[in-house]
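Residue numbers (my numbering): 3 to 502. Every residue, glycine too, gets a C-beta built ideally from N, C-alpha and C. Structure, as structure tokens:
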RNA sequence: GCCGCUAUCGUCUAGGGGUCAGGACACGUGGUUCUCAGCCACGGGACCGGGGUUCGAAUCCCCGUAGCGGUACCA
């Protein structure tokens, strides 16, 4: 089995295309087939090398490695269509010689006019065949006169073309609705339908798994395989990915490219797991499956037929799951960029990374993506008593019964750094004994004074995290963290300046 | 317009001539907790419409309808 993914390098890798790549990869991986990457860059105006590089990068990030492709090469290369032009030219000549194809001199203007006329009268819009029967001399003369013809494929009339789609079953098109497609453009570059057939045949592709938008191209490709003397591969067409409003997933629905999801802090295994289940079901009740499990269970027969809506909420849920499953060290490596961006860390030193790793378990269960983590622990790095008290919800805590007493007592009881849960508990106990307040009346004011917030991670974790941060040397390159003792004193001072 | 594909909770889906139509996300309620989030429990929620075949249709067939795709010298 040989499958392929053949993107056009005209932008970033869209999640819909990533899913197509993934389904191909899962199939090959589960059946020990080969996964080939081919770059379809015959559209010179829109193709860029930067886009090719970013697509390769995104594929690698997702873990979809390929056996043959533009960077690794292989026995069927080159793997960029722009480097295979001689092959298309040679097969085009062969088709012209066998009269499966012919030169066409019709102007674009005529084609547009014909198409409009056909639509207006309710007929299928297709090429009218004006140049089908030009004789060799005429063709020769016009080419010598400087006209640049296209090469068209001769579609046999009145023929039902049926192919078996591995997802949908038999699909039939009548050749009457298919106009003679352009194989080679007037500038000599091959058109998609031609290049794809030549390449898939020459590269020995056995299963073409692609988006449903190609299903109506398939009959002309099947005919082309036959004319060229190649055996057509098996086809499977995947339904498309939609936005919540059931229109094709696009920018206005939010993130659509793999690069964007990566930037926002989704883990690749979360995106892979989510995408695998969009349009395919492994059958059982479990949905959180490692990639090896996905590939061993994947089968085209179990792929759904209908378009699927991309559900950001479910992706977020899976991402939470994989963030919780990841080790702190891995998470720190993945999330450090967001801390650098927030300015909480200024350099990736070993101490900074270690400190980060210690912070992540308390914050990771409550965010959807890694980019949200710094905000969840912002209280550690950006404490300011005056600012905190200026906020209504924090000021309101002071109005709770006994809150001022608790804070005053806390200011006296904290004698040094609270480096672990036990140290914090001991202080909290002494404050409780001194003030007689417990539960919410005790912890709510403590939270306000120590974090400057009214909500956040549990204090057992948050408080030691603050003082461990405060104990970090300047060389750790973590922004200065104010310790708990200093915090509560500052808070009490500000509180004193605000009478009840 | 023409051709093609598709149709089960809001979403992703399982199932498939007789089922209490199952699960997950989301949502609601309760519990846990100093708080938010999380976590746990419980709950509401679906077979596009109409015909036909059949003892029986969500399931098979036909016709509609709707959505999507194609209808290029884009891919």
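Beta-carbon proximity of residue 346 to residue 380, cut-off 9 Å: Residue 346 sits at position 344 when you count from the first residue of the first chain. Residue 380 sits at position 378 when you count from the first residue of the first chain. In this structure, residue 380 lies closer than 9 Å to residue 346 by Cβ.
The alpha helix (DSSP H) enclosing residue 237, as first and last residue numbers: The residue you call residue 237 lines up with position 235 of the first chain. Careful: residue 237 lies outside any alpha helix (DSSP H), inside the beta strand (DSSP E) at 236 to 240.
Beta-ladder partner(s) of residue 106, from DSSP: Looking up residue 106 in the first chain gives position 104. Note: residue 106 sits in a beta bridge opposite 152.
First through last residue of the beta strand (DSSP E) which encompasses residue 176: By one-based count along the first chain, residue 176 stands at place 174. 171 to 176 is the extent of the beta strand (DSSP E) around residue 176.
Top-ranked residue by Cα proximity to residue 269, from 317, 302, 233, 116: Taking the first residue of the first chain as 1, we reach residue 269 at position 267. The residue with the shortest Cα to Cα distance from residue 269 is 317.
Cβ-based burial, residue 281 [other Cβ within 10 Å; buried from 16]: Position 279 of the first chain, counted from the start, is the residue given in the question as residue 281. Label assigned to residue 281: buried.
Beta strand (DSSP E) segment containing residue 82, residue limits: Here residue 82 is taken as the residue at index 80 of the first chain, counted from 1. It is not in any beta strand (DSSP E) - residue 82 carries neither H nor E in the DSSP assignment.
Length-filtered (3 minimum) beta strand (DSSP E) runs lying within the segment 27 to 52: 36 to 39
Cβ contact check for the segment 116 to 127 and the segment 154 to 162: 3 or more pairs under 8 Å: no
Three-way DSSP call (helix, strand, coil) for residue 470 in this model: Working through the first chain from its first residue, we reach residue 470 at position 468. The answer is helix: DSSP assigns residue 470 an H, G or I state.
Run of the beta strand (DSSP E) containing residue 333, from where it starts to where it stops: Position 331 of the first chain, counting from 1, holds the residue named residue 333. Unbroken run through residue 333 is the alpha helix (DSSP H), 330 to 344; no beta strand (DSSP E).
For residue 498, the first and last residue of its enclosing alpha helix (DSSP H): On the first chain, position 496 is the one that residue 498 refers to. Residues 486 to 498.
Minimum length 4: unbroken alpha helix (DSSP H) runs contained in the segment 220 to 300: 220 to 230, 260 to 265, 270 to 278, 293 to 299
First through last residue of the beta strand (DSSP E) which encompasses residue 212: Taking the first chain and counting its residues from 1, one reaches residue 212 at position 210. Start and end: 209 to 213.
Residue 171 classed as buried or exposed, judged by whether at least 16 other C-beta atoms fall within 10 angstroms: To locate residue 171, count along the first chain from 1; it is residue 169. By the neighbour-count rule (16 or more Cβ atoms within 10 Å), residue 171 is not buried but exposed.
Which of helix, strand or coil DSSP assigns to residue 310: Here residue 310 refers to the residue found at position 308 of the first chain. In the structure shown, residue 310 sits in a strand (DSSP, three-state: E or B).
Test item: CB-CB of residue 408 and residue 416 under 9 Å: For this step, residue 408 is matched to residue 406 along the first chain. For this step, residue 416 is matched to residue 414 along the first chain. No.
Classification of residue 140 by the beta-carbon crowding that lies within 10 angstroms, buried from 16 upward: For the purposes of this step, residue 140 is taken as residue 138 along the first chain, with counting starting at 1. Residue 140 comes out exposed.
Alpha-carbon spacing of residue 436 relative to residue 480, whole angstroms: Taking the first chain and counting its residues from 1, one reaches residue 436 at position 434. Taking the first chain and counting its residues from 1, one reaches residue 480 at position 478. Computed Cα separation, rounded: 36 Å.
Which listed residue (155, 206, 166) has its alpha carbon closest to that of residue 194: Taking the first chain and counting its residues from 1, the one referred to as residue 194 is at position 192. Closest option to residue 194, Cα to Cα, is 155.
Residue span of the alpha helix (DSSP H) that contains residue 399, given as start and end: To locate residue 399, count along the first chain from 1; it is residue 397. Segment 394 to 399, the alpha helix (DSSP H) holding residue 399.
Start and end residues, alpha helix (DSSP H) containing residue 202: Residue 202 sits at position 200 when you count from the first residue of the first chain. 194 to 204 is the span of the alpha helix (DSSP H), which, as asked, contains residue 202.
One or two residues paired with residue 347 in a DSSP bridge: Mapped onto the first chain, residue 347 falls at position 345. Bridge partners of residue 347: 480.
For residue 325, the nearest candidate out of 413, 229, 366 (CA to CA): Within the first chain, numbered from 1, the residue matching residue 325 stands at position 323. Checked all of 413, 229, 366; the closest Cα to residue 325 is 366.
9 Å Cβ cutoff met for residue 213 and residue 251: Translated into the one-based positions of the first chain, residue 213 becomes position 211. Translated into the one-based positions of the first chain, residue 251 becomes position 249. Taking 9 Å as the Cβ cut-off, residue 213 and residue 251 do not qualify as a contacting pair.
Beta carbon of residue 153 nearer than 9 Å to that of residue 104: Taking the first chain and counting its residues from 1, one reaches residue 153 at position 151. Taking the first chain and counting its residues from 1, one reaches residue 104 at position 102. In contact: residue 153 and residue 104 (Cβ atoms closer than 9 Å).
Under the three-state DSSP convention, the category residue 66 falls into: If you number the first chain from 1, residue 66 lands on position 64. The answer is coil: DSSP assigns residue 66 none of H, G, I, E or B.
Test item: CB-CB of residue 468 and residue 420 under 9 Å: Here residue 468 refers to the residue found at position 466 of the first chain. Here residue 420 refers to the residue found at position 418 of the first chain. Result yes, Cβ atoms of residue 468 and residue 420 sit closer than 9 Å.
Identity of the residue in 275, 304, 363, 284 nearest residue 292 by Cα: For the purposes of this step, residue 292 is taken as residue 290 along the first chain, with counting starting at 1. For residue 292, the nearest C-alpha among the options comes from 275.
Selection from 137, 488, 115 that minimises the alpha carbon distance to residue 128: Residue 128 sits at position 126 when you count from the first residue of the first chain. The shortest Cα separation from residue 128 among 137, 488, 115 belongs to 115.
Euclidean distance between Cα positions of residue 67 and residue 37: Start at 1 with the first residue of the first chain, and residue 67 comes out as number 65. Start at 1 with the first residue of the first chain, and residue 37 comes out as number 35. Spanning the two alpha carbons is a distance of roughly 8 Å.
For residue 449, the nearest candidate out of 14, 396, 485 (CA to CA): The residue labelled residue 449 in the question sits at position 447 within the first chain. Closest by alpha carbon: 396.
Rounded Cβ spacing between residue 6 and residue 41 (contact assumed at less than 8 Å): Indexing the first chain from 1 puts residue 6 at position 4. Indexing the first chain from 1 puts residue 41 at position 39. Their Cβ separation, rounded to whole angstroms, is 11 Å, which puts residue 6 and residue 41 out of contact at 8 Å.
Residue 288 burial status per 10 Å Cβ neighbour count (16 or more: buried): As a working mapping, residue 288 is identified with position 286 in the first chain. That one is exposed.
Segment contact, 8 Å Cβ cut-off, at least three pairs: the segment 330 to 340 with the segment 458 to 472: no
Separation of residue 393 from residue 455, as counted between CA atoms: The sequence position of residue 455 within the first chain is 453, counting from 1. The sequence position of residue 393 within the first chain is 391, counting from 1. Taking the straight line joining both Cα atoms gives about 9 Å.
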